[in-house]
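Read the structure below first, then the notes.
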Amino acid sequence: DGRTLDHAVADLSLATAGRHQIRLAEHEMPGLMALRAEYGDSKPLAAARVAGSLHMTVQTAVLIETLVALGADVRWASCNIFSTQDEAAAAVVVGPEGTVEQPAGVPVYAWKGETLEEYWWCTDRVLAWPGAVGPNMILDDGGDATLLVHKGVEFEKAGAVPATTDDDNEEYRVVLDTLRRSLAEDAGRFTALAAEVKGVTEETTTGVLRLYDRMRDGTLLFPAINVNDSVTKSKFDNTYGTRHSIIDGINRATDVLIGGKVVVVCGYGDVGKGSAESLRGQGARVIVTEIDPINALQAAMDGYQVARLDDVLETADIVITATGNKDVVTAEQIGRMKDKAILGNIGHFDNEIDMAGLARTPGVTRTEIKPQVHEWTFSGTDGAPDRSVIVLSEGRLLNLGNATGHPSFVMSNSFTNQVMAQIELFTKADEYPLGVHVLPKLLDEKVARLHLDALGVRLTELTKAQAEYLGVDVAGPYKTDMYRY
Ligand code: NAI
């Protein structure tokens, strides 16, 4: 059809709408725009081939086009089946200079509402590089691209993809099928690809956990930068981003009044803190659950009731999981929730709420209210009336499934860390041996600095004498790595 760019998105004709949103987002992403100004000429990412797996939103479009401005060749997939904004995906494919007829942007493989098979196909596509063995950099969110490469190498070494067992969950079966097809075509593809990858920069708590696991068991194949644990990422995006986007998701999905309702937030880490604060701000009576005594005490000090889910479940109008753990709400517990209660997850994966168990529950039926909003009805026994629970985004992260994720300004902080991490790994490989690293604190402080002007913040400067008194440099870094902010 005359198109020059490979891609798979919902509808390229949405590109103009996407471009308008990207243009406005750029205004709200001063960190990324500052990096374009600083590095646009020197192009530190020239010769970088970046495979990205991260929610294909408007904000991510600005990230992608920043990587391109710094010289990188980029391919992109979303890291969640529901999180793509189709207009943003279209605009990135068309590119600022291209047209719908002649796209000239970046190959994107993402659309809102992928099946699991399509999702893993998209992830596989961004790892396939026309004219090269594969990418030489990975930018990951949740670790799915990293997982596909590591599993691919593992199975190539073993000579076969293992047979699927009853213990494998549905998604892992799809991963195995994807790799089985790939290995049948080229039995050495992932081994060759992994050898060229200089490193991965990982966006989120859950993906970082997977990297440390691999480091511990000695299976990590290339160096990694943990972007999540930059202070200007997890203490901002995870908390202030969530504070904005959690109610956005609940409102767009259900439009129920939150004020006065009893809301249970499971987990009081960075995401839980933002969630609880946001819901309390709406006037909800928020109850927190925790397994860690420190976080539980924090929640209590912040004025929340801290309880066990089982003890408060029957009174909750809304239950939100924010733990990054699995089986936090079981199918049996869902069956005990109030009629028309709302259940949603804002952690990375869909196993926080036992959706598989819910689907297997005898007598339960599922009605689609609208995409990403489902009513699960339990038939009443012994003459009791039926009861139903509203589940958001099929148990996947509701702020991206039911709304559009975090707003631009906070994502500018996260993505400025991402771009700097890509530059570090790509240009200073000798400083980042095999392992999981965080960015130097001076760069973390730089990310914050780049966002002060836009908010009218006037920073106080240390005098030389004050700096000496504190034992720091006038230009920073100002805190030790022990400091917790
Ligand atoms: P975190 O580690 O700071 O917090 C998780 C908290 O959950 C911890 O305090 C932990 O003790 C608690 N927890 C674990 N198991 C629990 C259980 N069974 N019951 C109650 N509490 C439990 O992690 P963070 O940064 O808050 O991230 C949480 C999840 O959210 C991760 O999966 C992360 O990848 C994801 N995330 C999602 C975002 C979004 O936009 N939806 C943004 C950033 C992170």
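Read left to right, the sequence shown gives residues 2 to 486 (the numbering used here). The beta carbon of each residue, even a glycine, is placed where N, CA and C say it ideally should be. Values in this document were obtained by computation on a predicted structure and should not be read as measured data.
Beta-carbon separation of residue i and residue j under 8 Å?
| i | j | result |
| --- | --- | --- |
| A323 | G273 | yes |
| G96 | P104 | yes |
| A111 | A62 | no |
| L426 | M138 | yes |
| H349 | L398 | yes |
| W130 | R50 | yes |
| A193 | V134 | yes |
| C80 | D169 | no |
| V127 | S183 | no |
| S409 | Q60 | yes |
| E203 | G144 | yes |
| E353 | V374 | no |
| V265 | L298 | no |
Cβ of residue i within 7 Å of any heavy atom in ligand 1?
| i | result |
| --- | --- |
| D271 | yes |
| G268 | yes |
| S246 | yes |
| S235 | yes |
| E395 | no |
| A70 | no |
| A323 | yes |
| G348 | yes |
| G144 | no |
| T405 | no |
| I292 | yes |
| N414 | no |
| V228 | no |
| V329 | yes |
| L451 | no |
| D125 | no |
| T67 | no |
With residue i as the anchor, note down where its alpha helix (DSSP H) starts and where it stops.
| i | result |
| --- | --- |
| L15 | No alpha helix (DSSP H) contains L15, which DSSP labels as neither H nor E. |
| N229 | First-last for N229: undefined, no H or E at that position. |
| I248 | T243 to T255 |
| A430 | No alpha helix (DSSP H) holds A430; DSSP gives it neither H nor E. |
| V263 | No alpha helix (DSSP H) contains V263, which is instead part of the beta strand (DSSP E) from V263 to C267. |
| T124 | L117 to V127 |
Kindly identify the DSSP beta-bridge partner or partners of residue i.
| i | result |
| --- | --- |
| K371 | V374 |
| A52 | R76 and I139 |
| L68 | Note: L68 sits in no beta bridge, so no partner. |
| N346 | T322 and L398 |
| S389 | T378 |
| E186 | For E186, which the question treats as bridged, DSSP gives no partner whatsoever. |
| Q306 | I288 |
| T366 | T378 |
| V107 | Its beta-bridge partners do not exist; DSSP assigns none. |
Name the two residues that bound the continuous beta strand (DSSP E) containing residue i.
| i | result |
| --- | --- |
| T290 | R286 to T290 |
| R485 | First-last for R485: undefined, no H or E at that position. |
| G208 | Not the beta strand (DSSP E): G208 falls in the alpha helix (DSSP H), residues T206 to R217. |
Contact between the segment 157 to 173 and the segment 222 to 236 (3+ Cβ pairs under 8 Å)
Between the segment 157 to 173 and the segment 222 to 236 there are fewer than three inter-stretch CB-CB distances shorter than 8 Å, so the stretches are not counted as touching.
Taking 8 Å as the threshold, find out whether the segment 251 to 271 comes into contact with the segment 295 to 308 through three or more Cβ pairs.
With the cut-off at 8 Å, the segment 251 to 271 and the segment 295 to 308 touch.
Touch check for the segment 272 to 286 and the segment 441 to 457: three-plus C-beta pairs under 8 Å?
Flag = no, the segment 272 to 286 and the segment 441 to 457 do not touch.
Specify whether the segment 84 to 99 and the segment 12 to 19 touch according to this definition: at least 3 beta carbon pairs, one from each stretch, less than 8 Å apart.
Touching, per the Cβ criterion.
Taking contact to mean at least 3 C-beta pairs separated by less than 8 Å, is the segment 381 to 393 in contact with the segment 424 to 441?
These segments do not touch.
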